[in-house]
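From first to last, the protein sequence lines stand for chains A and B. So in the working numbering, the last one in the first sequence is 239, and the numbering has no gaps at all. So in the working numbering, the last one in the second sequence is 478, and the numbering has no gaps at all. Ideal Cβ positions, reconstructed from N, Cα and C, are used throughout, including at glycine. This structure is a prediction, so every number in the text was calculated from the model and none was measured. As structure tokens, the structure follows; a few thoughts come after it.
There are 2 protein chains.
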Amino acid sequence: MDNNGLKIRVVLVEPLYEGNVGSTARAMKNFGFSDLALVNPCELEGQARAFAMHARDIMENASVHSTIQDAVGDSNLIIAATGNPGMRVEEHIRAPAYTPADINTMLEGRNGTISILFGREDKGLSNDELKLCDIIMSIPTSPDYPSMNLSHSVAVVLYELCDIKAGSINLAHHFDLDLMYGHIREMLDDIDYPAHKKDKTMLMLQRIFGRARLTSREVQTIRGLVRRIQYRLCHPLDR
Amino acid sequence: MDNNGLKIRVVLVEPLYEGNVGSTARAMKNFGFSDLALVNPCELEGQARAFAMHARDIMENASVHSTIQDAVGDSNLIIAATGNPGMRVEEHIRAPAYTPADINTMLEGRNGTISILFGREDKGLSNDELKLCDIIMSIPTSPDYPSMNLSHSVAVVLYELCDIKAGSINLAHHFDLDLMYGHIREMLDDIDYPAHKKDKTMLMLQRIFGRARLTSREVQTIRGLVRRIQYRLCHPLDR
């Protein structure tokens, strides 16, 4: 209940060109957003300020981090913006990918801090970085040339997300989600789940729970269920 | 019936920065568009090509014009993208302004060439230029900072318009619309319409017919009506 409204944080992961950081700040201000986090950004000098125009304040107030974990620390939901959605739906790392319009609908009525990760201009987000994310978002682009300019992606996403109607459903904190995932992983050990399947299954669960947008209460209930399973594994019922 | 599908042309009016022209070409290709027209553009050199990335072909195939009229010549509908919609609804030059999503809905089921004019980075489109347009479109932005980067505006608009379902309703050609407006203006003279109201009324009619998206048949019917009025003005009925 400590959430109050829906907050969107733009996280640029290792941006290479300062012009894009400035343009991102400008697009944020155009659509009424201000929370910018930068992970290991390039040097920000004159060009970044020039491109930010009247949104220099947003760029100057951006938080700077050395890890993504640090940048998204207090988030409820972590969304990866990717221009290269996995073609194979069974590939849990990059799929299923939702459109910005889908995300608008999915967040309606929710409260919490949503971090949206945008990757490097050349290589986007790595698979390990995508694994940190609950939901994969991809802008529907032409198959002939899907690679968008970084700040264009930010502008399109924020254009689509600037009118979400927040509500009274408080999203679980990511800290609690991580505890839940750790707990489930522990349970997989307890049941001797095949090691080579473990990561894939965990990622699948993360994608499912990600798009389900769990509340704190749901997270607690799932953890209770897992605890109960673990207890019964140690204390089988006499039948 | 010579229309076949819905074609969208991006018209940049006197763009000042070559990077924006390149970025515009890239955004166009990202969303599957290719018809770019430039009116008195800045010099396009290395930076334009660098920003166009893999959409250099679109930039190099762009048509270059010395007037807007020339750039939009064969269009059926001319839309002005403006970041500064008139605040007063009675101001017909800049209002009413439709959102890109509205335009998507308005164009559904239509056929024809739609030219979308984007103005200069610093001053946008002049009032005289807006008068050439049938429909005013404005991206909903934060009142705190509504001024978007030129290529960001293009990206957001094309993102919104890339999935319009064309149909079987052929939009009138702008050439015929212009004849109709000329005809109506002639009629205003015939009825001694107050000179100081004439331009305003014409602009209002243009905005009304613009958003009504007239077909050729409707244009012909309106011209027939105007002709009839003119005839009766010269040949009053004996009553």
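The region 423-441 of chain B makes no contact with the region 374-392 of chain B: fewer than 3 CB pairs, one atom from each, lie closer than 8 Å. Residue 366 of chain B and residue 319 of chain B have their C-alpha atoms spaced approximately 11 Å apart. The three-state reading of DSSP puts residue 176 of chain A in helix, counting H, G and I together. If you draw a straight line from the Cα of residue 372 of chain B to the Cα of residue 384 of chain B, it is about 25 Å long. Nearest CB-CB separation between residue 268 of chain B and chain A: below the 9 Å threshold. The beta carbon of residue 310 of chain B sits closer than 6 Å to those of 250, 276, 278, 304, all from its chain and outside the five residues before and after it, given in chain order.
In the structure shown, the three-state DSSP call for residue 448 of chain B is helix.
Looking at the backbone, the Cα of residue 205 of chain A and that of residue 184 of chain A are separated by about 9 Å. The count of Cβ pairs closer than 8 Å, one atom from the region 258-265 of chain B and one from the region 387-397 of chain B, reaches three, so the stretches are in contact. Put simply, the backbone Cα of residue 199 of chain A is about 47 Å away from that of residue 299 of chain B.
Taking the C-beta atoms as reference points, residue 247 of chain B is found no nearer than 9 Å to residue 338 of chain B.
The Cβ neighbour count for residue 447 of chain B, taken over all protein chains shown within 10 Å, is under 16; the residue is labelled exposed.
Around the CB of residue 75 of chain A, 16 or more other CB atoms lie within 10 Å, so the residue is classed as buried. With respect to chain B, the C-beta atom of residue 108 of chain A has no partner C-beta closer than 9 Å. Between the region 103-123 of chain A and the region 158-166 of chain A, the count of Cβ pairs shorter than 8 Å is three or higher; the stretches touch. Counting along the chain, residue 99 of chain A sits inside no alpha helix (DSSP H), nor does DSSP assign it H or E at all. Between the C-alpha atoms of residue 159 of chain A and residue 307 of chain B there is a straight-line separation of about 28 Å. When C-beta atoms of the region 216-230 of chain A are compared with those of the region 166-177 of chain A, three or more pairs fall below 8 Å, so the two segments count as touching. For residue 146 of chain A, the nearest beta carbon of chain B is closer than 9 Å to its own beta carbon.
Along the region 283-300 of chain B, the positions whose C-beta sits under 8 Å from a C-beta of chain A are 290, 292, 293, 294, read in chain order. Secondary structure of residue 138 of chain A (DSSP, three-state): coil. With 16 or more other Cβ atoms inside 10 Å of its own Cβ, residue 115 of chain A counts as buried.
In this structure, the beta-carbon distance from residue 118 of chain A to residue 24 of chain A falls below 9 Å.
Neighbourhood of residue 20 of chain A in chain B, by CB distance below 7 Å: empty, with the nearest CB roughly 11 Å away. Any Cβ of chain A closer than 9 Å to the Cβ of residue 398 of chain B would place that residue at the interface, and such an atom is present. Under the 9 Å criterion on CB atoms, residue 162 of chain A is classed as interfacial with respect to chain B. Taking a Cβ-Cβ threshold of 7 Å, the residues of chain B close to residue 26 of chain A are 388, in chain order. Closer than 9 Å to the CB of residue 139 of chain A there is at least one CB belonging to chain B.
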